[in-house]
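Peer 1: Below you'll find the structure I mean.
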Amino acid sequence: MMLENPAIIWLILVILLLVIEIATMGLTTIWFAGGAVAAFISTFYGASPTAQRTIFLVLSLALLIITRPIAVKYMKKGQPKTNVDSMVGRIAVVTSRIDNLAQSGEVVISDISWTARSKEASCIIPAGSKVRICAIEGVKLIVEELKEDR
1268 MMLENPAIIW LILVILLLVI EIATMGLTTI WFAGGAVAAF ISTFYGASPT AQRTIFLVLS
1328 LALLIITRPI AVKYMKKGQP KTNVDSMVGR IAVVTSRIDN LAQSGEVVIS DISWTARSKE
1388 ASCIIPAGSK VRICAIEGVK LIVEELKEDR
């Protein structure tokens, strides 16, 4: 019977995993397809079934752990930021003095008022100043004051 040949089984698994990856685009099964290709190739070198399964598991997990984060980062590079993420780097105006020690401060950006804190703990930013948004922590904007000489 044809399915008793381990090379055919690995080849069917490669095709199945690639079809699943194409259908889901989740960057998960592609790494297991790579492991299945290596196991498929190992059949031609006389690897035992145990060695083939070990090659499949070890290489698949290594590819998943090592290369998936890089691939995901690369694929997201051209995607535009949405919602709150798009605010990082933008300029806002301080409407209420920012003082981290007093836990006070407010900025306005796009006609929306936000609680704000200075990036530097001891920095006090007066009302009317312009600030750049560095990060977002919960519902607070973390900002740094823009100097006039920039």
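Going by this note's numbering, the first residue of the sequence shown is number 1268, and it counts up by one from there. Note that beta-carbon positions come from the ideal geometry of N, C-alpha and C, so glycine has one too.
1. Closer than 8 Å is the cut-off here; do at least three beta carbon pairs connect the region 1367 to 1378 with the region 1331 to 1344?
2. Counting pairs of Cβ atoms below 8 Å between the region 1294 to 1303 and the region 1312 to 1329, do you hit three or more?
3. With DSSP as the reference, label Glu1387 as helix, strand or coil.
4. Any idea what DSSP makes of Gly1313, helix, strand or coil?
5. DSSP three-state call for Ser1371: helix, strand or coil?
6. Use the C-beta contact count for Ile1237: other C-beta atoms within 10 angstroms, 16 or more gives buried, fewer gives exposed.
7. Give me the Cα-Cα distance between Met1342 and Leu1294, rounded to the nearest whole angstrom.
8. Counting beta carbon pairs with one atom in the region 1359 to 1367 and one in the region 1379 to 1392, are three or more of them shorter than 8 Å?
9. Is it buried or exposed for Gly1356, if we count other Cβ within 10 angstroms and need 16 for buried?
10. Take Leu1285 and list the residues in its own chain whose beta-carbon comes closer than 8 Å to its own, dropping the five residues that flank it on each side.
11. Exposed or buried, what is Ile1358 when buried is set at 16 or more other beta-carbons lying within 10 Å of its beta-carbon?
12. Could you check which residue in Glu1412, Gly1395 and Arg1384 has the C-alpha nearest to that of Val1406?
13. Near Asp1416, what residues of its chain come up, given a Cβ to Cβ distance below 7 Å and the 5 sequence neighbours on each side ignored?
Peer 2: To lay it out plainly:
1. no
2. yes
3. Here residue 1387 refers to the residue found at position 120 of the sequence shown. Correct three-state label for Glu1387: coil.
4. Walking along the sequence shown from the start, residue 1313 turns up at place 46. Three-state DSSP puts Gly1313 in coil, outside helix and strand.
5. By one-based count along the sequence shown, residue 1371 stands at place 104. DSSP places Ser1371 in strand when its eight states are reduced to three.
6. A question about residue 1237 goes unanswered here, because the residues of the chain that appear run from 1268 up to 1417.
7. Here residue 1342 corresponds to residue number 75 of the sequence shown, with the count starting at 1. Here residue 1294 corresponds to residue number 27 of the sequence shown, with the count starting at 1. Rounded to whole angstroms, Met1342 to Leu1294 spans 10 Å at the Cα level.
8. yes
9. Along the sequence shown, one-based indexing puts residue 1356 at 89. Answer is exposed; the Cβ neighbour count stays below 16.
10. The residue given as residue 1285 occupies position 18 in the sequence shown. Only Thr1296, Ile1297 and Ala1300 meet the Cβ criterion.
11. Here residue 1358 refers to the residue found at position 91 of the sequence shown. Exposed, because fewer than 16 other Cβ atoms sit within 10 Å of the Cβ of Ile1358.
12. Looking up residue 1406 in the sequence shown gives position 139. Comparing Cα positions, the closest option is Arg1384.
13. Start at 1 with the first residue of the sequence shown, and residue 1416 comes out as number 149. With a pLDDT of 48 at Asp1416, under the threshold of 50, the modelled position of that residue is not reliable, and no figure is offered here.
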